[in-house]
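Just add 737 to wherever you are in the sequence shown, counting from 1, and you've got our numbering.
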Amino acid sequence: MVPVVLLLQLALWAVSTSAFYPYTPQWLKEKEDLTPLREAKRSPVVGNARDGLTFRIEKKRTQESQSPALLAAQQAAWLRHKFKHTRSGVPVNAVEKRASQYNIMDATESSEAMAAGINQDGTDYSYFVKAGLGSKGKQVYLLVDTGAGSTWVMGSGCTDTSCSTHTTFGPGDSSTFTDAGKSFSVSYGTGTVQGKLVTDTINVAGISLKYTFGQASKTSDVFSHFAFDGILGMSMGQGDSDNFLKTLMEAKKLDKNLFGIHLNRASDGSNNGEIKFGSTNPDKHMGDISYTPIGSKNGDWAIQIDDMAYDGKKADAGGVLSYIDTGTSFIFGPPSLVRKIHNTIPGSSSSDGLSYTVPCSSNKTLSFTFSGIDYKISSKDWISPKDSSGNCTSNLYGREVVDGAWLLGDTFLKNVYAVFDADQKRIGLAAPADSKGGSSSSSSSGSSPPTPTTVGLTTVTTTTLTTGVTSQPDFSTQSKGPPLGLSGHETGSTRSSSATAKPTESTKSAAPDVRARKTAKLAVAMLFAVLAALVA
738 MVPVVLLLQL ALWAVSTSAF YPYTPQWLKE KEDLTPLREA KRSPVVGNAR
788 DGLTFRIEKK RTQESQSPAL LAAQQAAWLR HKFKHTRSGV PVNAVEKRAS
838 QYNIMDATES SEAMAAGINQ DGTDYSYFVK AGLGSKGKQV YLLVDTGAGS
888 TWVMGSGCTD TSCSTHTTFG PGDSSTFTDA GKSFSVSYGT GTVQGKLVTD
938 TINVAGISLK YTFGQASKTS DVFSHFAFDG ILGMSMGQGD SDNFLKTLME
988 AKKLDKNLFG IHLNRASDGS NNGEIKFGST NPDKHMGDIS YTPIGSKNGD
1038 WAIQIDDMAY DGKKADAGGV LSYIDTGTSF IFGPPSLVRK IHNTIPGSSS
1088 SDGLSYTVPC SSNKTLSFTF SGIDYKISSK DWISPKDSSG NCTSNLYGRE
1138 VVDGAWLLGD TFLKNVYAVF DADQKRIGLA APADSKGGSS SSSSSGSSPP
1188 TPTTVGLTTV TTTTLTTGVT SQPDFSTQSK GPPLGLSGHE TGSTRSSSAT
1238 AKPTESTKSA APDVRARKTA KLAVAMLFAV LAALVA
């Protein structure tokens, strides 16, 4: 008989149409730090890591075994970002602890103009940038999130547990602080972030501008487990605050409205992660940058993937959109496509279609193909460390976060240099210059190589020719929908293109109407509630 708690968990999942779900695989839960959050004290942003600094890392004891069905339901409720943990192979002498609670692996300072280092938690789990707020330039950490349109920071008046362990911002921190007179609310699967919109100066990567963002007075306790103090929304879609990219464009701060991102792998040593605005950084990638046009018209950074492969063996798992999201740690996709890629991996198996056990000894790469170019993903990233039973798990999970599409998070992004071009509405990818995981790109067999073109000092390849006229995203016509999607994406209430549509084609939405989806999910939730009552 199905446990009542399982039915209730499934019911809650069914009605969560716009939720932020941190996802913690079982192998990662076993490595979490159990230091009580209430013992942590508020601390300002730490400086660069000092040479020779070491500290003890506590490991979480293995939890009692649970039924596969219940565990699967719990995992489904923990999508997206994850709890603090420890991972083997991380150079602890390069990491500082924040308030005896948060691990910070500070990035080296960038010598590039309009660029900033991307810090992380020393585990490849979350990536964040330092931002200066207000007239005093108060330093906070903001999660770099290309899947979100809203920007917010924890407010000085917030008394929640999560705020008490973070750096906050309020009127006492700035003489230019202005209440915008509007409230904001972002819904997550584990709670909400609520507060008011405020206007003040924000400085990111040396770029200073007047900006309206959220000041949170109430936050979900889940944020107690993360080092960042808020979120910097980098999507082109409209969220609950002003859109950061739109504000940048209107202020004419950049020669080109684009940004390039390089994410560091903690086990590689010194953190040289970087975000650069206005142009790319040739020192951060090898070879050409290949561009693919965006296939979503509502501001999401999503492009069509051609296929995936294991050790060169194609899986026929492409032909759909892939959302490129710096705010998601792992990779998620429709269960049928996730099954296809794992069918090419000898020795892989799954009991639930969500997570897959894979051979720990595998050192083969996965490859993702965009616009005829293969991008290799190191086994360091797609295979988890061993769990308490000596098994390894694939970091590609069978959960359809976005209807009919892949969600490619940091597992993918650590193996590429990514360019998000708002002017040309495209995403560029190249192999990272300092790759130590064996990542590289090459022309895909059976595909015609794109026609190369030259832009500035960087040689790029693109599958579509663009005119000399710079086109900017139409922010004014984008509908403002639910604050957050299941993965943390802030999407509109309707989609103008199907997740399976080719990015160069204009098609009608093949996705069901949102109201119909909500009605169906509510009906499913009610069904689970009735079943729960019957078996109680």
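We put the CB at the ideal spot given by N, CA and C, even for glycine.
Every alpha helix (DSSP H) of 4 residues or more that sits fully in the segment 849-922 is shown, in chain order, as 898-901. With contacts defined as CB atoms closer than 9 Å, Ala1159 and Leu995 qualify as a contacting pair.
Here Ser848 is exposed: its Cβ has fewer than 16 other Cβ atoms, across all protein chains shown, within 10 Å.
Secondary structure note for Trp1119: it is in no beta strand (DSSP E), and the uninterrupted alpha helix (DSSP H) holding it is Ser1116 to Trp1119. Contact check for Met1045 against Ala1052 passes: the beta carbons are separated by less than 9 Å. DSSP, reduced to helix, strand and coil, places Asn1035 outside both helices and strands of the structure shown, so it counts as coil. Rounded to the nearest whole angstrom, the CA to CA distance from Thr1148 to Glu846 is 24 Å.
DSSP places Asp1158 inside the beta strand (DSSP E), whose first and last residues are Tyr1154 to Asp1158. Looking only at Ser1116, Tyr1134, Val1153 and Ser1098, the smallest Cα-Cα distance to Thr1106 is reached by Val1153. In terms of CA proximity to Pro1072, Asn1080 leads the group Asn1080, Gly892 and Ser1066. According to the DSSP assignment, Lys1151 belongs to no beta strand (DSSP E), since it is labelled neither H nor E. Within the segment 1055-1131, the alpha helix (DSSP H) runs of at least 4 residues that lie entirely inside it are, in chain order, 1072-1080 and 1116-1119. With a beta-carbon spacing of about 5 Å, Ser1059 and Leu1145 fall inside the 8 Å limit used to define contacts. When only Cα atoms are considered, Ile855 and Gly967 end up about 15 Å apart. In the displayed model, Asp979 falls within coil according to three-state DSSP, outside both helix and strand. Looking from the CA of Asp910, the closest CA among Ala917, Leu1150, Lys873 and Val941 belongs to Lys873. The secondary-structure analysis by DSSP pairs Lys933 across a beta bridge with Ser920 and Gln952.
Scanning its chain for C-beta atoms nearer than 7 Å, with the 5 sequence neighbours on each side dropped, one finds around Trp1119 the residues Leu1103, Ser1131, Asn1132, Leu1133 and Thr1148, in chain order. Annotated three-state conformation of Pro1019 is helix, per DSSP.
Secondary structure at Glu987: helix, using DSSP grouped into helix, strand and coil. For Lys1077 and Thr938, the gap between their C-alpha atoms comes out near 48 Å. Ranked by how close their Cα comes to the Cα of Lys1013, the residues His1022, Ser1108, Gly1006 and Asp1005 have His1022 in first place. A straight line joining the alpha-carbon of Ser1115 with that of Ser920 spans about 44 Å. Judged by beta-carbon spacing, Gly1135 lies within the 9 Å limit of Gly1070, meaning their Cβ atoms are closer than that value. Per DSSP, Asn840 is one residue of the beta strand (DSSP E) stretching across Tyr839 to Ile841.
For the 9 Å CB-CB criterion, Gly869 and Ser972 do not form a contact.
Look at Asp1140 here: in three-state DSSP terms it is coil, with no helix or strand label. Across the structure, Tyr878 and Gly1056 are spaced so that their CA atoms are roughly 37 Å apart. Across the structure, Thr896 and Ser1085 are spaced so that their CA atoms are roughly 46 Å apart.
In the three-state scheme derived from DSSP, where H, G and I count as helix and E and B as strand, Ala844 is classed as coil.
Taking a 10 Å sphere around the C-beta of Ala988, we find fewer than 16 other C-beta atoms and assign the residue as exposed.
Counting along the chain, the unbroken beta strand (DSSP E) around Gly970 starts and ends at Gly967 to Gly970. Secondary structure at Phe963: coil, using DSSP grouped into helix, strand and coil. In the three-state reduction of the DSSP assignment, Asp1171 falls in the coil class, being assigned neither a helical nor a strand state. Pairing Tyr1047 with Gly1015, the inter-Cα distance amounts to about 35 Å. DSSP, reduced to helix, strand and coil, places Asp1044 within a strand of the structure shown.
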